[in-house]
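Student: In UniProt numbering, the protein residues as written are 1 to 747. The beta-carbon is built from N, C-alpha and C at its ideal position, and this holds for glycine as well. Bear in mind the structure is a predicted one, so any value in this text is a computation, not a measurement.
1. Among the residues of its own chain, which have a CB less than 6 angstroms from the CB of residue 780, if the five just before and after it don't count?
2. I'd like to check one pair, residue 35 with residue 18: are the Cβ atoms closer than 8 angstroms?
3. Please return the same chain residues whose Cβ sits closer than 6 angstroms to the Cβ of residue 165, not counting the five positions on each side in sequence.
4. Between residue 722 and the rest of its own chain, which residues show a CB-CB distance below 6 angstroms, the 5 nearest in sequence each way excluded?
5. Which stretch, first to last residue, makes up the alpha helix (DSSP H) that contains residue 61?
6. Which partner residues does residue 512 have in the DSSP bridge list?
7. How would you label residue 281, buried or exposed, when you count the other beta carbons within 10 angstroms and need 16 or more for buried?
8. Spell out the partners DSSP gives residue 535 in its beta bridges.
9. Grab me the residues of residue 481's own chain with a C-beta within less than 6 angstroms of its C-beta, minus the 5 sequence neighbours each way, in chain order.
10. Hey, does residue 316 have any beta-carbon neighbour from chain C nearer than 8 angstroms?
11. Do residue 322 and residue 421 have their CB atoms nearer than 8 angstroms?
12. Compare the beta carbon distance of residue 678 and residue 621 with 8 angstroms and say whether it is the shorter of the two.
13. Considering only DSSP beta bridges, list what residue 721 is partnered with.
14. Quick check: what's the CA-CA separation for residue 215 versus residue 206?
15. Report the option in 259, 440, 441, 394 whose CA atom is closest to the CA atom of residue 473.
16. Among residues of its own chain, excluding the 5 on either side of residue 561, which ones have a beta-carbon nearer than 6 angstroms to its beta-carbon?
17. Are residue 570 and residue 289 touching if we call contact CB-CB under 8 angstroms?
18. Just mark residue 291 as buried or exposed, buried being the case when its beta carbon has 16 or more other beta carbons within 10 Å.
19. Please tell me whether residue 49 and residue 145 are closer than 8 angstroms, where the distance is taken between their beta carbons.
20. Quick one: give me the first and last residue of the alpha helix (DSSP H) that residue 564 is part of.
21. Does the count of Cβ pairs from the stretch 427-438 and the stretch 314-321 closer than 8 angstroms reach three?
22. Beta-carbon separation of residue 47 and residue 16 under 8 angstroms?
23. Identify the continuous beta strand (DSSP E) that holds residue 665 and give its terminal residues.
24. Excluding the 5 residues flanking residue 778 on each side, which residues of the same chain have their C-beta closer than 8 angstroms to its C-beta?
25. Taking a contact to mean a Cβ-Cβ separation below 8 angstroms, would you say residue 10 touches residue 94 in this structure?
26. Please report the distance separating the alpha-carbon of residue 362 from that of residue 285.
27. Output the distance between the C-alpha atoms of residue 597 and residue 627, rounded to the nearest integer angstrom.
28. Beta-carbon within less than 6 angstroms of residue 37's beta-carbon, same chain only, minus the 5 sequence neighbours each way: which residues are those?
29. Just the Cα atoms here: how many angstroms apart are residue 574 and residue 506?
30. Give me the DSSP bridge partner(s) of residue 150.
31. Cα separation between residue 552 and residue 558?
32. Ordered along the chain, which non-local residues of its own chain (more than five positions away) have a Cβ less than 8 angstroms from that of residue 720?
33. Using the three-state DSSP reduction, which class does residue 8 fall into: helix, strand or coil?
34. According to DSSP, residue 112 sits in a beta bridge with which residue or residues?
35. Within a Cβ cutoff of 7 angstroms, which residues of the same chain sit near residue 717, ignoring the five residues on either side of it in sequence?
36. Of all the options 335, 379, 477, which has the alpha carbon lying nearest to the alpha carbon of residue 409?
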């Protein structure tokens with residue numbers, strides 16, 4: 001069976017596009033995962049089956065999403081195909097080995113060959129496969145979900161896709177190039193250390209052959225002094241080498257991480273909507289792994305290879321037969337280790353999956369104990385956990401068996417090689433071909449050669465890990481910036497400038513839907529003018545698109561169709577940075593940093609303006625809250641506002657927007673956590689601050705929106721009503737229905 005191509009998924013949600021990439025490679029095309037990700041309309045939850053089908057058809061496949069049983073999958077499904085795995089993951093089934101008919105169904109089952117983008121190329125028995133593919137409540141007679149694919153002529157006619165090679169080992173080596181002088185010193189230290197180490201076996205031979213045989217104590221003192229000098233020299237070289245490595249690794253890690261954060265901060269906001277926290281943290285760890293490889297394994301392997309060559313050559317000069325025995329035994333050792341790598345990796349992934357499921361069930365048992373007892377489900381829940389433990393025990397036994405076989409074989413090969421070398425060396429001493437000192441020197445060299453062999457294996461594994469990390473980083477560095485260099489950048493009038501028509505925001509036929517195949521349109525053909533220097537309130541039921549409209553105005557997203565304009569200028573042409581600099585924003589999920597309250601209000605400001613800060617605190621009605629704190633404005637609060645109430649958190653966010661002194665203000669349910677008294681005081685002070693500024697307020701409370709110059713009603717993404725509070729109440733339409741309970745007007 002030909003080996004099926006396998007690619008690792010870069011992110012948690014990349015399993016779907018990566019499965020398509022593997023199948024496309026199987027049929028002869030190499031398609032970058034970024035291309036398939038875009039065609040899949042990847043959302044934060046990953047690719048849907050519909051999105052994967054659309055992406056596959058876009059590159060020339062014919063697809064069919066089906067629910068089928070195990071027998072249908074084995075007998076009828078064209079392979080390779082994509083299947084839903086554990087109800088939250090996608091893998092490729094690329095082959096099925098059918099049972100031997102003469103053994104009967106009881107003695108032989110199908111073997112399923114699976115390409116898992118998160119784990120590798122794996123094999124499963126029919127029972128194991130069903131545990132992952134079929135839902136938990138349908139293990140016996142249920143059906144699983146699969147996406148069947150077949151190529152069309154268009155698949156082979158399309159031009160080969162290519163992705164920009166923005167990041168690779170060439171660029172990483174460029175970082176190392178900045179420290180050429182230090183690396184030259186390291187290489188010199190490697191040569192010196194290797195030379196000093198090479199002298200030790202000769203000194204050992206001299207001790208035995210000259211000092212002991214001639215009973216020359218003075219010569220022994222001389223050799224002992226020489227060995228002491230060599231040891232001190234090696235210690236000094238290692239001391240200097242460690243300091244140089246620390247300096248290079250620290251600076252290298254700082255440089256590549258800094259460039260990564262620069263790139264990350266240039267990416268559009270929509271990028272972070274489809275990325276999990278863990279994925280970005282993994283890329284931070286990738287930098288550490290690359291840095292460790294470049295400054296650790298890559299440089300240490302030079303010393304290992306040099307020792308391997310030097311000691312191997314000297315060993316060959318001493319005795320060619322012993323050298324051949326060592327070389328043959330080492331090759332046999334490496335081959336034996338390699339035999340177990342694939343199976344060991346499979347068992348490790350299976351054990352990891354079983355452990356993760358066991359931990360999840362254990363957490364549910366503890367956290368859900370109240371509901372378990374209320375439902376009377378103690379015994380079934382315990383049995384489910386015990387079945388997972390039995391499965392985990394079986395995998396641990398298999399893993400232990402594999403480790404024992406590997407260790408037994410490796411031990412046998414290494415010890416047989418060492419015994420054979422000792423026998424040949426002793427025989428050569430008896431035959432007069434070697435002196436006793438030469439024998440001891442050879443034993444020392446064999447010991448020094450075993451280390452580089454193990455380090456070479458570690459280097460190859462480290463190189464593979466580094467390549468995966470570089471691929472993951474390349475996926476980030478290849479993305480387009482939010483503001484590509486050379487794009488047209490326009491600025492807007494600063495705060496305090498006279499209000500003019502050129503500051504009015506116009507939305508013309510704006511429609512928008514979030515990424516993800518099959519997603520409904522959130523905003524549908526919106527036509528709206530947000531007058532400069534006035535307050536516009538947006539109201540509507542939850543899910544009507546109010547927050548999404550705000551995010552379009554803040555350039556978090558670009559409209560799917562239509563256009564947003566600032567006066568006569570398209571907002572798409574306005575610099576993201578300069579536009580947001582003119583916008584004060586209070587979002588529902590605004591973030592507070594782990595810093596002082598003053599620094600949370602004046603974010604990113606080197607020198608805080610005390611007058612401006614006091615004004616912001618006054619408008620947000622924070623005086624009483626700050627007076628109760630031991631350090632006032634200098635009190636440190638936790639990340640996301642830990643230690644303060646939701647209402648206090650909102651007031652700090654309002655103060656942040658006021659301190660910025662912007663031309664445009666966007667408030668999204670900015671006071672929904674405040675009590676009526678605080679809300680009344682703050683909105684009264686904000687009305688004064690709003691003068692001459694363009695304000696957009698999203699809210700449900702009548703007290704927040706009733707004084708707006710313009711009220712806009714959204715319903716299921718469509719603009720249904722607009723006007724003033726009085727005119728909309730008089731219409732008794734949707735706005736009246738939304739606020740009638742607050743107006744106490746009755747039905």
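Tutor: If we stick to the structure as given:
1. It is not possible to answer for residue 780, since the shown part of the chain is limited to 1 through 747.
2. For the purposes of this step, residue 18 is taken as the residue at position 18 of the chain shown. For the purposes of this step, residue 35 is taken as the residue at position 35 of the chain shown. Not a contact, by the Cβ cut-off of 8 angstroms.
3. Taking the chain shown and counting its residues from 1, the one referred to as residue 165 is at position 165. Summary for residue 165: the model assigns pLDDT 48, below 50, so the residue's position carries little reliability, and this model does not support an answer.
4. As a working mapping, residue 722 is identified with position 722 in the chain shown. For residue 722, where only same-chain residues beyond five positions count, the Cβ hits under 6 angstroms are 712.
5. Your numbering for residue 61 matches position 61 in the chain shown. Note, residue 61: premise wrong, no alpha helix (DSSP H); beta strand (DSSP E) at 61-68.
6. Position 512 of the chain shown holds residue 512. For residue 512, which the question treats as bridged, DSSP gives the partners 523.
7. In the chain shown, counting from the first residue as 1, residue 281 sits at position 281. It is exposed - the Cβ of residue 281 has fewer than 16 other Cβ atoms within 10 Å.
8. Position 535 of the chain shown, counting from 1, holds the residue named residue 535. 695.
9. Stepping through the chain shown from its first residue, residue 481 is reached at position 481. Excluding sequence neighbours, residue 481 sits near 266.
10. The structure shown contains no chain C; it holds only a single protein chain.
11. In the chain shown, counting from the first residue as 1, residue 322 sits at position 322. In the chain shown, counting from the first residue as 1, residue 421 sits at position 421. Yes, the Cβ-Cβ distance between residue 322 and residue 421 is below 8 angstroms.
12. Sequence index remark: in the chain shown, residue 678 carries index 678 (1-based). Sequence index remark: in the chain shown, residue 621 carries index 621 (1-based). The answer is yes: Cβ separation under 8 angstroms.
13. Against the chain shown, residue 721 aligns to sequence position 721. Looking at the DSSP assignment, residue 721 forms a beta bridge with 713.
14. In the chain shown, residue 215 corresponds to position 215, counting from 1. In the chain shown, residue 206 corresponds to position 206, counting from 1. Going by the C-alpha atoms only, they are around 12 angstroms apart.
15. Here residue 473 is taken as the residue at index 473 of the chain shown, counted from 1. Out of 259, 440, 441, 394, 259 has the C-alpha closest to the C-alpha of residue 473.
16. Stepping through the chain shown from its first residue, residue 561 is reached at position 561. Contacts found: 511.
17. Here residue 570 refers to the residue found at position 570 when the chain shown is read from its first residue. Here residue 289 refers to the residue found at position 289 when the chain shown is read from its first residue. Contact flag unset, no.
18. For the purposes of this step, residue 291 is taken as the residue at position 291 of the chain shown. Counting Cβ neighbours within 10 Å, residue 291 comes out buried, since at least 16 surround it.
19. Your numbering for residue 49 matches position 49 in the chain shown. Your numbering for residue 145 matches position 145 in the chain shown. By the CB criterion at 8 angstroms, residue 49 and residue 145 fall inside the cutoff.
20. Stepping through the chain shown from its first residue, residue 564 is reached at position 564. Here residue 564 belongs to no alpha helix (DSSP H); instead the beta strand (DSSP E) covers 561-566.
21. yes
22. Residue mapping note: residue 47 aligns to position 47 of the chain shown, counting from 1. Residue mapping note: residue 16 aligns to position 16 of the chain shown, counting from 1. Their beta carbons are under 8 angstroms apart, which means residue 47 touches residue 16 by this criterion.
23. As a working note, residue 665 is residue 665 in the chain shown. Per DSSP, the unbroken beta strand (DSSP E) holding residue 665 starts and ends at 664-668.
24. In the structure displayed, the chain extends from 1 to 747; residue 778 sits before or after that span and is not available.
25. Start at 1 with the first residue of the chain shown, and residue 10 comes out as number 10. Start at 1 with the first residue of the chain shown, and residue 94 comes out as number 94. Taking 8 angstroms as the Cβ cut-off, residue 10 and residue 94 do not qualify as a contacting pair.
26. Locating residue 362 in the chain shown gives position 362, counting from the first residue. Locating residue 285 in the chain shown gives position 285, counting from the first residue. Those two C-alpha atoms are separated by around 28 angstroms.
27. As a first step, residue 597 must be located in the chain shown, where it is residue number 597. As a first step, residue 627 must be located in the chain shown, where it is residue number 627. Whole-angstrom Cα-Cα distance: 13 angstroms.
28. Sequence index remark: in the chain shown, residue 37 carries index 37 (1-based). Closer than 6 angstroms at the Cβ level, and outside the excluded window around residue 37, lie 17.
29. On the chain shown, position 574 is the one that residue 574 refers to. On the chain shown, position 506 is the one that residue 506 refers to. Taking the CA atoms as reference points, residue 574 sits about 14 angstroms from residue 506.
30. Indexing the chain shown from 1 puts residue 150 at position 150. Looking at the DSSP output, residue 150 shares a beta bridge with 62.
31. What you label residue 552 is simply residue 552 of the chain shown in a count that begins at 1. What you label residue 558 is simply residue 558 of the chain shown in a count that begins at 1. Residue 552 and residue 558 have their C-alpha atoms some 6 angstroms from each other.
32. The residue labelled residue 720 in the question sits at position 720 within the chain shown. Cβ within range, chain order: 713, 714, 733, 734.
33. Looking up residue 8 in the chain shown gives position 8. Here residue 8 sits in coil by DSSP.
34. Residue numbering aside, residue 112 sits at position 112 when the chain shown is read from its first letter. 96, 124, per the DSSP bridge assignment.
35. As a working mapping, residue 717 is identified with position 717 in the chain shown. Taken in chain order, the residues that qualify are 521, 522, 523, 524, 544, 545.
36. In the chain shown, the residue the question calls residue 409 occupies position 409. Taking residue 409 as reference, the option from 335, 379, 477 with the minimal CA-CA separation is 335.
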